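*Asks:*
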Amino acid sequence: MSKRENLYEVVLEQVTTACEALKANEAVCELLKEPMRTLNVSFPVKMDDGTIRVFNGFRCQHNDVLGPTKGGIRFHPQVDMNEVKALAAWMTYKCSLLGLPYGGGKGGVEVDPRTLSKAELERLARGYIRAIAPIIGDHKDIPAPDVNTNPQIIAWMVDEFSKIRGYNEPGVITGKPVNFGGSLGRTEATGYGTALAAKLAAEKIGLEMKGARVVVQGFGNVGSYAAKYLSEFGAKVIACADYTGVVYNENGLNIDDLMNYVANNDRVVKGYPGATKEMAPADWIDVECDIIVPAALENQITEDNVDKVKCKIISEGANGPTTPEADKILTEKGVLIIPDILANAGGVTVSYFEWVQNLMNFYWTQEEVIKRLEDLMIRAFESVFKTYKETDGVSMRIAAYMVSISRLGDAMQIRGWC
Ligand code: NAD
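The sequence shown begins at 201 in the numbering used here and counts up one residue at a time.
(1) Between which two residues does the alpha helix (DSSP H) holding Pro351 run?
(2) Below 8 Å between beta carbons: does that hold for Thr523 and Glu503?
(3) Strictly by DSSP, which residues pair up with Lys477?
(4) List, from N- to C-terminal side, the alpha helix (DSSP H) runs of 4 residues or more that fit wholly inside the stretch 279 to 345.
(5) Are Asp248 and Ser296 closer than 8 Å when you measure CB to CB?
(6) Let's test the definition: count the other Cβ atoms within 10 Å of the Cβ of Asp540 and tell me whether it reaches 16, buried, or not, exposed.
(7) Please determine whether the Cβ atom of Asp442 lies at a distance below 7 Å from any heavy atom of the ligand NAD.
(8) Excluding the 5 residues flanking Arg597 on each side, which residues of the same chain have their C-beta closer than 6 Å to its C-beta?
(9) Does Glu516 pass the burial test, meaning 16 or more other C-beta atoms within 10 Å, or should it be called exposed?
(10) Under 8 Å, Cβ to Cβ, is there at least one residue of chain B near Gly616?
(11) Classify Asp527 as helix, strand or coil using the three-state DSSP reduction.
(12) Can you tell me whether His339 is buried or exposed, with buried defined as 16 or more other CB within 10 angstroms of its CB?
(13) Does the stretch 215 to 227 come within contact of the stretch 241 to 261, defined as at least 3 CB pairs closer than 8 Å?
(14) Should Asn519 be listed as close to the ligand NAD, given that the test is whether its C-beta is under 7 Å from any heavy atom?
(15) Once DSSP output is grouped into helix, strand and coil, what is the label at Pro244?
(16) For Lys557, count the other beta carbons within 10 Å of its own beta carbon; 16 or more makes it buried, fewer makes it exposed. Which is it?
(17) Going residue by residue through the stretch 385 to 411, where are the continuous alpha helix (DSSP H) segments of at least 4 residues, counting only ones entirely within it?
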């Protein structure tokens, strides 16, 4: 089975376990197991040399019982419908868990954007939006950036969609540049939420944040801001890793300085002068610490390396960084894992704020955004922790699915779906 098929299997396994623990209505479980709508598209793009290339794209709308579907668009050579389905399903659970009025969606185009010129990339972005336009809209399905899509690409997409509509519809896609309808605080939102979730977990297990040792894998958007806020909460970030290596300092790395170094050095940590030691990329897992933040890719903590983990808390910045086998072993060892659908939900929460601001045409300050994000993250964390404590034998991950699925199930019943 390929890794991508496996990703959807992982979601199904998590949902089935949570439905059993909840004794959920059978129709609710069945409805959640398959997406309500998927769309395969094929569209032409004129290349700079005058030739036409045809690209394949996908959009999946997993479930819209709570509101319009929402989720990113990924440009990647290996993206396929299975991966998009898994990511769309995770969005359904994440939005429900945070109490957002959204369902889950996801999309992608099979392309390596590094092989395109800027003009070709723009035509590809516009072509994809024309292809999926019949099923998206600010009250239907609201995309966002994901792997290899950024605020500029999103701005082209919104522009194209607005031309189709005949009027500006900024709320159709979130993740826009701040001077074109984007929200203040969106860039740091996911990392902030991941750091806040770790802090709340530390309070629950009596771990003092001041001086707590932190290891972060992945020093991109999520990892760097999680490290920054954890340092601001008093923790000591002793190791940061990316695909080029691990930079380590037992006295704590200066995260602002490291972020500045990475911004000026091809976005990598390798060679950072403030480190006392550098290690190979995979060695982050050997570092003894109190908190681990995996913020790179899926399937990073597995059956093969889980024995090396020496920490008390894992706050999952990335989607799916811990395999189900590793998750089970860590839970048995007493490691508190804050699952991805909770720990990295800060991003979609501020995307929701962006959409609200677009619909109101009234924009908030950074402080307002962060305060509202904090309130929703704390509320979601507390409800998951309560379910975790009150339900025998479930992990924080299954507790998170239980909270999420019970809201989805209630809405389905109230609406008369089952
Ligand atoms: P990013 O591209 O900004 O950063 C990714 C980081 O991971 C980089 O530092 C990169 O060097 C590192 N990395 C890549 N491959 C690696 C490897 N094999 N070993 C070690 N490090 C590796 O991406 P991001 O936006 O920070 O996203 C990271 C993860 O968080 C992804 O799983 C993403 O789906 C998830 N996520 C992101 C957001 C968001 O708002 N950006 C929201 C929710 C979830």
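Backbone N, C-alpha and C fix where the C-beta goes; we use that ideal spot for every residue, glycine too.
These numbers were taken from a predicted model, which means no experiment stands behind them.
*Replies:* Well, looking at it:
(1) As a working mapping, residue 351 is identified with position 151 in the sequence shown. It spans 351 to 365 - the alpha helix (DSSP H) in which Pro351 sits, taken as one unbroken run.
(2) On the sequence shown, position 323 is the one that residue 523 refers to. On the sequence shown, position 303 is the one that residue 503 refers to. Going by C-beta atoms, Thr523 is nearer than 8 Å to Glu503.
(3) The residue you call residue 477 lines up with position 277 of the sequence shown. Bridge partners of Lys477: Tyr448.
(4) 281 to 298, 318 to 332
(5) Here the question's residue 248 lines up with position 48 in the sequence shown. Here the question's residue 296 lines up with position 96 in the sequence shown. Their beta carbons are not under 8 Å apart, which means Asp248 does not touch Ser296 by this criterion.
(6) Along the sequence shown, one-based indexing puts residue 540 at 340. Buried, because 16 or more other Cβ atoms sit within 10 Å of the Cβ of Asp540.
(7) Within the sequence shown, residue 442 is the residue found at index 242, counting from 1. Distances between the C-beta of Asp442 and the heavy atoms of the ligand NAD include at least one below 7 Å.
(8) The residue given as residue 597 occupies position 397 in the sequence shown. Within the same chain, Arg597 has close Cβ partners Pro539.
(9) Indexing the sequence shown from 1 puts residue 516 at position 316. That one is buried.
(10) Absent here is chain B; the protein component of the structure consists of one chain.
(11) In the sequence shown, counting from the first residue as 1, residue 527 sits at position 327. Here Asp527 sits in helix by DSSP.
(12) If you number the sequence shown from 1, residue 339 lands on position 139. It is exposed - the Cβ of His339 has fewer than 16 other Cβ atoms within 10 Å.
(13) no
(14) Taking the first residue of the sequence shown as position 1, residue 519 is located at position 319. Asn519 Cβ: within cutoff of the ligand NAD.
(15) For the purposes of this step, residue 244 is taken as residue 44 along the sequence shown, with counting starting at 1. Three-state DSSP puts Pro244 in a strand.
(16) On the sequence shown, position 357 is the one that residue 557 refers to. The sequence shown places Gln at residue 557, not Lys. Counting Cβ neighbours within 10 Å, Gln557 comes out buried, since at least 16 surround it.
(17) Complete alpha helix (DSSP H) runs here, min 4: 386 to 405.
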